[in-house]
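Structure first, commentary second.
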Amino acid sequence: MEPQYDAQEPDSAPLVFTEAAARKVGELLKEEENPALMLRVYISGGGCSGFQYGFTFDETREEGDASVKQLGVTLLVDPTSLQYLEGAEIDFKDDLSGARFVIRNPNAQSTCGCGSSFSA
1 MEPQYDAQEP
11 DSAPLVFTEA
21 AARKVGELLK
31 EEENPALMLR
41 VYISGGGCSG
51 FQYGFTFDET
61 REEGDASVKQ
71 LGVTLLVDPT
81 SLQYLEGAEI
91 DFKDDLSGAR
101 FVIRNPNAQS
111 TCGCGSSFSA
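Residues 1 to 120 in full-length UniProt numbering are what the sequence shown spells out, letter by letter.
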């Protein structure tokens, strides 16, 4: 059984999926016109610091995926990526620097200047 969490109960969830991020994902999902889509966040090798973050839309919840629900939007994380994202916050910022998803990861020992890759 895949672990499922409600973002409204942050003490139980392995990571934080903010309302701002969920709202933005909800807008993007509405444009896709596919109610089965969920946002998947993952870690892969690469980037200037060794690991990089990735986001994709996915219709399938794989075995072992953790899911966090916020404002009706589901965030999926595979078990391997979750090891690196435990305690992280997935947020969305829209400011003078531009609009972007931001991951605040307490497990990252260092990050690159653009914030899309890290070392653990």
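Quick reminder that beta carbons are idealized off the backbone N, C-alpha and C, glycines included.
Rounded C-alpha distance that separates residue i from residue j
i	j	result
V102	T60	24 Å
S117	E33	Reliability fails at S117, whose pLDDT of 48 lies under 50, so the model's placement of it is uncertain and the value that follows must be treated cautiously. When rounded, the distance between both Cα atoms is 31 Å.
G26	E63	24 Å
D95	A20	13 Å
D58	V16	19 Å
Environment of residue i [buried if 16+ CB atoms lie within 10 Å]
i	result
T56	exposed
K24	buried
D65	buried
Q109	exposed
S12	exposed
Option nearest residue i by Cα separation, candidates the options
i	options	result
P35	D65, D78 and G72	G72
G50	P14, F17, Y84 and A13	Y84
I90	L96, S97, Q109 and S67	S67
R100	A22, S44 and K69	A22
V41	R104, L75 and D95	L75
G87	G54, G98, K69 and N107	N107
Identity of the residues DSSP links to residue i by a beta bridge
i	result
V77	V41 and A66
A99	D94
E89	V16 and R104
Which of helix, strand or coil DSSP assigns to residue i
i	result
Q52	strand
R23	helix
E59	coil
E33	coil
L82	helix
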